[in-house]
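S.K.: Here's a structure for you.
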Ligand code: ADP
């Protein structure tokens, strides 16, 4: 096992990794930007290194500064968290080249899954169901493209192979708009991602977003920890997540889970990963794989009892997974509310000083947050303030627990979306479950 790990991130995930290190008896080194010097992760880590000013390109994206901090502090491995450099294949390579361990999959796997055309190709080979569409980049000639779209059926969606964060895609309703839409998406993709390759899929009308958590080690073992439902989204940003996904049967869970596990084994995947699917009319359709820890991993930890960050560290050290698939016993129901520093009506970020805060606690409640009374939310980074999670025997009880937890939570000095969460947990449609990815935006339109 490692003796010392460097954490190349900030916010709640940096703290989450510091805690995992402490529980495993591993020393932690946190890197931080000038605006993060007074944060909990910096205070609680064994060591900390300032790597630059607030803007991320000068600090949390500064690969050289991070790697030299790791080398100078004697860390053996780097945990990238999520965001920033977590899915940057060149960084994973640079870490390895410096003689350190990247806590995550190989650069090759990151690269493959970062290219969505390549990712879909791999999934089809592994028997993972994908959204019907172009199997690869779009064909060469206009006639071939038009014929393909006709076969897939309108509406279709044009997506950039290197797209991410909900950008680089366009829905097309009819044939007369197809070629123009492809040309526009291509030039945007070239400008934004430096890669003009686009592909085409059937546009699903009312899908749910369901994703499968996997863990794999260097010895060829892979397991899945069931699924999460992340359909409550605004502008492709997840707002509430839950595990398990309501209405998914045990046999569906095992079937889709096994397909993901097979894909991991096929590509020699190592670490934690998430297969994202759209789910409609009882069918799963792969859209992409995230090759990192995700924000919402916490709710899977609650229903599985497995510490995913500790597992990442364990397998990165070359040790086998401590669990087989038969050891994974999912039980109960968990929710996560992402509490963001944002205006509850305009959704604009509200950086600033938290004059006072209190988070809920007690039976069935878990809060992962890097803030405390007096903390400052800087404008330079994402607006996540806290992840309020609850866990109960069944979904209805978990709804009650979340209502109580949200009532107890208090954040003063800045606006947050706490009030939005309170209203959503009172909403009958959401309480019934199985809502589509459009539900939240429609709700906001009608209620705010
Ligand atoms: P990104 O990497 O940018 O997040 P994804 O491929 O995960 O891109 O797609 C982001 C979102 O776009 C999905 O969560 C879904 O809301 C929508 N989307 C993507 N593909 C389709 C599709 N084939 N049909 C309907 N909606 C889609």
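In our numbering, the protein residues as written are 694 to 1141.
Just so it is clear, CB atoms sit at the ideal spot from N, CA and C, and this is done for glycine as well.
Look at residue 851 and residue 884 and say whether their C-beta atoms are less than 8 Å apart.
M.R.: no
S.K.: Using only alpha-carbon positions, find the residue among 988, 771, 886 that is nearest to residue 753.
M.R.: 771
S.K.: Going by alpha carbons, who is nearest to residue 695 out of 722, 706, 708, 709?
M.R.: Selected option, being the one with the closest Cα: 722.
S.K.: Spell out a yes or no on whether the segment 842-859 and the segment 881-898 are touching, meaning 3 or more CB-CB pairs, one atom from each, closer than 8 Å.
M.R.: yes
S.K.: Between residue 901 and residue 1127, is the Cβ-Cβ spacing less than 8 Å?
M.R.: yes
S.K.: Please classify residue 988: does DSSP put it in a helix, a strand, or coil?
M.R.: coil
S.K.: Could you tell me how far apart the beta carbons of residue 993 and residue 919 are, in whole angstroms, since I believe they sit closer than 8 Å?
M.R.: 7 Å
S.K.: Taking 7 Å as the cut-off, is the C-beta of residue 894 nearer than that to any heavy atom in the ligand ADP?
M.R.: For the ligand ADP, at least one heavy atom lies less than 7 Å from the Cβ of residue 894.
S.K.: Let me check understanding here. Comparing Cα to Cα, which of 798, 702, 728 lies closest to residue 755?
M.R.: 702
S.K.: Quick one, which of 1046, 937, 982 has its alpha-carbon nearest residue 1083's?
M.R.: Considering only alpha carbons, the answer is 937.
S.K.: Using the rule of at least 16 other Cβ atoms within 10 Å of the residue's Cβ for burial, across every protein chain shown, is residue 1051 buried or exposed?
M.R.: exposed
S.K.: Going by CA-CA distance only, name the one from 734, 731, 781 that's closest to residue 985.
M.R.: 781
S.K.: What is the C-beta distance between residue 811 and residue 1061, in whole angstroms, given that I count them as a contact (C-beta under 8 Å)?
M.R.: With 8 Å as the limit, residue 811 and residue 1061 do not qualify as a contact, their Cβ atoms being about 33 Å apart.
S.K.: What residues in its chain sit with their C-beta under 7 Å from that of residue 748, if we drop five residues either side in the sequence?
M.R.: 1073
S.K.: Is DSSP giving residue 702 helix, strand or coil here?
M.R.: coil
S.K.: Can you give me the C-alpha to C-alpha distance between residue 944 and residue 1091, rounded to a whole angstrom?
M.R.: 24 Å
S.K.: Do residue 958 and residue 1010 have their CB atoms nearer than 8 Å?
M.R.: With a cutoff of 8 Å on beta-carbon distance, residue 958 and residue 1010 are scored as not near each other.
S.K.: Do residue 950 and residue 929 have their C-beta atoms within less than 8 Å of each other?
M.R.: no
S.K.: Since I believe residue 989 is in contact with residue 1030 (beta carbons under 8 Å), could you give me their beta-carbon distance rounded to a whole number of angstroms?
M.R.: Contact doesn't hold; Cβ gap of about 11 Å is too wide.
S.K.: Between the C-alpha atoms of residue 1028 and residue 964, what's the straight-line distance to the nearest angstrom?
M.R.: 24 Å
S.K.: Using a Cβ distance threshold of 8 Å, determine whether the segment 797-809 contacts the segment 732-739, with at least three qualifying pairs required.
M.R.: no
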